[in-house]
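All remarks here apply to the structure that follows.
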Amino acid sequence: MINVTKPYLGDKERFKAYIDKIYANNWITNQGPLHAQLEERLRDYLGVRNIILVNNGTLALQVAYRALGLSGSAITTPFSFVATTSTLHWEGIRPVFADIHPETWNLDPANVEAAIEPDTSAIVATHVFGNPCDVRGLQQVANRHGLKVVYDGAHAFGTRFEGRSVLQWGDITTVSFHATKLFHTIEGGAIITEDDELAERVRRMINFGIVDAERIEGVGINAKLNEVSAAMGLCILDELEDILARRAVIGQHYERRLQGAFDLQRPTYGSQLNYSYFPVGLRDEPSLLDTKKALNAVGINPRRYFYPSLETLDYLQPQAIKPVSRKLSHRILCVPLYPDLPQATQDLLIDTLLLAQQKKTSMESLRALITPAQLLPSWDFPGDSSPVLT
Ligand SMILES: *Cc1c(COP(=O)(O)O)cnc(C)c1O
846 MINVTKPYLG
856 DKERFKAYID
866 KIYANNWITN
876 QGPLHAQLEE
886 RLRDYLGVRN
896 IILVNNGTLA
906 LQVAYRALGL
916 SGSAITTPFS
926 FVATTSTLHW
936 EGIRPVFADI
946 HPETWNLDPA
956 NVEAAIEPDT
966 SAIVATHVFG
976 NPCDVRGLQQ
986 VANRHGLKVV
996 YDGAHAFGTR
1006 FEGRSVLQWG
1016 DITTVSFHAT
1026 KLFHTIEGGA
1036 IITEDDELAE
1046 RVRRMINFGI
1056 VDAERIEGVG
1066 INAKLNEVSA
1076 AMGLCILDEL
1086 EDILARRAVI
1096 GQHYERRLQG
1106 AFDLQRPTYG
1116 SQLNYSYFPV
1126 GLRDEPSLLD
1136 TKKALNAVGI
1146 NPRRYFYPSL
1156 ETLDYLQPQA
1166 IKPVSRKLSH
1176 RILCVPLYPD
1186 LPQATQDLLI
1196 DTLLLAQQKK
1206 TSMESLRALI
1216 TPAQLLPSWD
1226 FPGDSSPVLT
């Protein structure tokens, strides 16, 4: 099966060279030399003032809320990965949902402002699929009401807004370096802020509150990134420009061939996308299910990101439905996009999507799509040499 993402492992020899260093100095976690190197290189690459590496993107969010002293409720997006909401709930902050913009699929500042309650302390927004939020609009709402702004930037590594990394916006932006993300450290993440004092508090918080050998200041947790993860990050960072370029070629090919036939996310004005995902908007849910079945039949496994809409999570207080997010969540499929996705596979996928759109996915028509050029070594059909399931 061709899956929606494929972890990028980078050059094995380069990775081995870093692992040799770890063996040579016997330092495998707790702010080691590779950790320091990665932090410095990421700070330069992103052009941010402070970046603190952590062991995953979920703890990055939890620590961000704590470090900012959030309480009461936070206005957040129903259209994101579940961690954006679950971390709020986990930290005892009540998520209040505002609906998204129908074209950019990000939180709409006007809806955010209308949803503010007396105990609201923050806006928690996701740059969904790497498309920048209306960062100016959200900051203006925050300024008017004295709110903090946290961005879940898990999809936005490499995305630029007005020529600079979009991760610079907000009081804090968090990122995930999970294996499925564009840039990864196997498991990992980071907390980014322009505020030095806040950065120091975060550094203590992710290391049990420890200041030095004899001093503990405030409650902390363990969210440190280890040296093997840092080594993976350093390897991938060496190839980052190439990864972004290859993703852009694939993403732009999808855009060219799918524009008009499907509902695609509108890039925010002033943004340069990272092509971390390629979401395709189908007509409705039945059409999505048919399309998914047709893609599976030719050996391609798309994913439903993000379903369900988060206001429907059963551990939350009953919430008002957010119609734009709710409808969108029923009709979005993310299709495979990773640097070494063969173009023939991509074209097979596009042809199948177009056939499904026209409700022409008989086994005969699907079979006819698969040319020898599309049967690449990467095809892997368990127990079956034919790509079409019969
Ligand atoms: C992946 C992801 C996370 C969680 O990151 P982990 O590193 O897997 O804990 C949070 N938010 C969004 C939007 C994500 O896509």
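Each number in the numbering used here comes from the position in the sequence shown (counting from 1) with 845 added on. The C-beta atom is built at its ideal place from N, Cα and C for all residues, glycine as well. Just so you know, these numbers come straight off a predicted model, no measurement behind them.
(1) What are the residues that DSSP puts in a beta bridge with A959?
(2) Using a Cβ distance threshold of 8 Å, determine whether the segment 998-1012 contacts the segment 976-989, with at least three qualifying pairs required.
(3) Helix, strand or coil: which one does DSSP assign to K851?
(4) Output the boundary residues of the beta strand (DSSP E) element that contains K1138.
(5) Under 7 Å: does the beta carbon of N870 sit that close to some heavy atom of ligand 1?
(6) If we ignore side chains and look at the alpha-carbon of each, how far apart do G982 and V1143 end up?
(7) Counting pairs of Cβ atoms below 8 Å between the segment 1178-1185 and the segment 1143-1155, do you hit three or more?
(8) Exposed or buried, P1131, counting other C-beta atoms within 10 Å across all chains shown (16 or more means buried)?
(9) Among the residues of its own chain, which have a CB less than 7 Å from the CB of S1154, if the five just before and after it don't count?
(10) Using three-state DSSP, classify K993 as helix, strand or coil.
(11) Under the assumption that L933 contacts V957 (Cβ atoms under 8 Å), give the Cβ distance between them as a whole number of angstroms.
(12) Are the segment 928-944 and the segment 880-888 in contact at 8 Å, needing three or more beta carbon pairs?
(13) Can you grab the Cα-Cα spacing for the pair A1189 / Q1110, in whole Å?
(14) Candidates I864, N848, Y853: which alpha carbon is nearest E1072's?
(15) If I measure Cβ to Cβ from G855 and keep anything under 8 Å in the same chain, skipping five residues before and after, which residues do I get?
(16) With respect to the beta strand (DSSP E) encompassing F1123, which residues constitute its N-terminal and C-terminal limits?
(17) Under the assumption that G1034 contacts A905 (Cβ atoms under 8 Å), give the Cβ distance between them as a whole number of angstroms.
(18) So I938 packs on S916, CB below 8 Å; how close in whole Å?
(19) Should N901 be listed as close to ligand 1, given that the test is whether its C-beta is under 7 Å from any heavy atom?
(20) Can you tell me the Cβ-Cβ gap for Q1104 and T1004, rounded? I've got them flagged as a contact below 8 Å.
(21) Give every residue of the same chain whose Cβ lies closer than 6 Å to the Cβ of N901, excluding the five residues on either side of it in the sequence, and list them in chain order.
(22) Which residue from T1206, A1201, A1213, V849 puts its Cα closest to that of A1024?
(23) Shortest alpha-carbon distance to P954 belongs to which of E962, E948, D964, A943?
(24) Roughly how many whole angstroms lie between the Cα atoms of D1192 and E1086?
(25) Have a look at Y1114, I1055, K1138, M1050 and flag the residue whose alpha-carbon is nearest the alpha-carbon of A909.
(26) Measure the C-alpha to C-alpha separation of R894 and N875 and round it to an integer number of angstroms.
(27) Write down the C-beta distance between F1006 and G1096 rounded to the nearest angstrom, noting that I regard them as a contact closer than 8 Å.
(28) Expressed to the nearest angstrom, what Euclidean distance is found between the alpha-carbon atoms of I847 and L1198?
(29) Can you tell which of H1029, K1204, R1101 has its C-alpha closest to the C-alpha of L1070?
(30) Since I864 is in the alpha helix (DSSP H), which residue starts that stretch and which ends it?
(31) Using a Cβ-Cβ cut-off of 8 Å (strictly less than) and excluding sequence neighbours within five positions of A959, which residues of its own chain qualify?
Taking the definition as stated:
(1) According to the DSSP secondary-structure assignment, A959 is paired through a beta bridge with no residue.
(2) yes
(3) coil
(4) Run containing K1138: none in the beta strand (DSSP E); it sits in the alpha helix (DSSP H), 1130-1142.
(5) no
(6) 43 Å
(7) For the pair of segments examined, the segment 1178-1185 was found to touch the segment 1143-1155: the number of CB pairs separated by less than 8 Å reaches three.
(8) exposed
(9) P923, F924, K1167, S1170, R1171, S1174
(10) DSSP places K993 within a strand segment (E or B) once states are collapsed to three.
(11) At roughly 15 Å, the Cβ-Cβ gap does not stay under 8 Å, so L933 and V957 are not in contact.
(12) no
(13) 24 Å
(14) The shortest C-alpha separation from E1072 is found at I864.
(15) M1077, C1080, I1081, D1083, E1084
(16) 1123-1126
(17) 4 Å
(18) Their Cβ separation, rounded to whole angstroms, is 7 Å, which keeps I938 and S916 in contact under 8 Å.
(19) Placement of the Cβ of N901 at a distance of less than 7 Å from at least one heavy atom of ligand 1 is found.
(20) Contact doesn't hold; Cβ gap of about 20 Å is too wide.
(21) E1032, G1034
(22) V849
(23) A943
(24) Going by the C-alpha atoms only, they are around 24 Å apart.
(25) M1050
(26) 22 Å
(27) No, F1006 and G1096 are not in contact; Cβ-Cβ is about 17 Å, not under 8 Å.
(28) 15 Å
(29) H1029
(30) 857-870
(31) The answer, listed in chain order, is A943.
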